[in-house]
Structures are given as structure tokens and as C-alpha cells.
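K.L.:
Quick one: this structure, given as C-alpha cells, is what I'll be asking you about.
Residue numbers (the numbering used here): 1 to 252.
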């Protein structure tokens, strides 16, 4: 089996408001602790039964919400797993997000710490080159000071990408970049490895997550179709996409 990367965001115990970003678009990515525990256990069981090395499964988490250290890491630790935690550093030490000490503790426990930009712009690819440079440099510098080591992993906020983003990530010494494209394919670009991820949303249970591991599964196919449709829509609407999306979600 090829490596499967799962893309999570926040995990909550009582309400999605506990952790992470609180804009309309973020809500569908908030998974309950009950569901998350069942999903992790199901993945571990599936891998053992199918004799798949757990190293072929990458659990990744975006934004830097407080649930990273409070709920997610303990579940991963209990199941012998390491997580890839991508942090938007502007929000550290603020309500609903990790503290700097939380990040350092995750690193000490062997989890991977990566950058998710500094402020998590709505569409980083539309920013000027100076802003793109600052977003990555500030975040990477902050994280390196916290973990006292190199930061070589990055996750693209919103999945947006452009030539200036690629150029800046490369110049910052990033080795691996996680995208939002639902695929097992890994591409070598500008000396870096770009890795696709399958998003896990609040509507999914453990059976849906396990279905991602099946090569011709309906979940994997559906996510791919949705992603390609969304890519076309974003291209057609341009700068209007985020505004229209925000209005629609606010009415739901």
C-alpha cells in the first residue's frame, strides 16, 4: 500500500468552539474526540490485520488549536503513533490555541512540528511576494526557536499554491510540503516532496476513514471528484470565491 496521509484539523470534547480557527469554513473539519478515538483505533486495527506498517499512515493536523496537545497527542501516544502538527504561529498563546510550551512538549515527545504559515491568510497565493516571504519566515523562525531545531515540514494553508510560495518554501529549507489534494501521489518540485492528503471531516465515521485505504473505494473517489470540481470553481470565481463561500456558509 502507498503511504496515506490523513488531514485533520481540530478535535473537540463538547463543542467545536473549544479549539482552533472559528470561521465558517473551519467548522466541518472539527471532529469529536469520541469519533477521533474510534478512527485512530480502526486505522491501527486495519493496518495490523492487513500487515501494513503504521509508518505508511501519516496523521496530520493543521492550524495549531489547543486540541493538538490536549486531546490529539494523548490519543496518538496511546496507540504508538506520531503526528505531524502544522502550526500557524500568530495564534500561539491565544484562546483556543496551543502555547509555546505545548509545541515544545509535542516535539519532546517525538511528534513532528511543521509550519502552516504565520497568520493563515485566506488565500496566500494572492498575496504579494513580500507577504509570502514574511508568512513563512516568521512562522519557521518562531517554531525553530521553540523546538530548538530545524523545521523542514510545511502544510499549505487552504491548500493554495503558487510559484512564489514554492520558491519561498524552498529557500526556507523546507523538505516536505503537505497539500490538500486527495491523492497518494508524491511529487518532487524544487527539491521538495509534495504530499497529498485525504481530509477527514465531521460527517465521517471510522468506516469512512478506513474506506480511504481501499484503492478503488467510493470515499477516495468522491473526495477526488469534489477536489477537482472545487479547483475548477475556484479558478472560475477567482477572488470572489472566498466571499461567496463565506456568505453561503454563514447562512447554513
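By construction, the Cβ of each residue, glycine as well, lies at the ideal position given by its N, Cα and C atoms.
#1: Rounded C-beta distance between residue 38 and residue 206? I'm assuming under 8 angstroms.
#2: Report yes if the C-beta distance between residue 174 and residue 125 is below 8 angstroms; otherwise report no.
#3: Out of curiosity, what's the CA-to-CA distance linking residue 24 and residue 73?
#4: Helix, strand or coil: how does DSSP classify residue 249 here?
#5: Do you know offhand how far residue 107's Cα is from residue 45's?
#6: Are the stretch 170-189 and the stretch 64-72 touching by the rule of at least three beta carbon pairs closer than 8 angstroms?
#7: Would you mind stating whether residue 185 and residue 7 have Cβ atoms separated by less than 8 angstroms?
#8: Can you name the residues that DSSP bridges to residue 98?
#9: Kindly indicate which residue of 216, 3, 42 has the alpha-carbon position closest to the one of residue 204.
#10: Per DSSP, residue 176 is paired with what?
#11: Using DSSP bridges, identify the partner residues of residue 6.
P.N.:
The short version:
#1: 5 angstroms
#2: no
#3: 25 angstroms
#4: With a pLDDT of only 42 at residue 249, under the threshold of 50, the placement of this residue in the model should not be trusted, and no figure is reported.
#5: 26 angstroms
#6: no
#7: no
#8: Its beta-bridge partners do not exist; DSSP assigns none.
#9: 42
#10: 153, 193
#11: 59, 198
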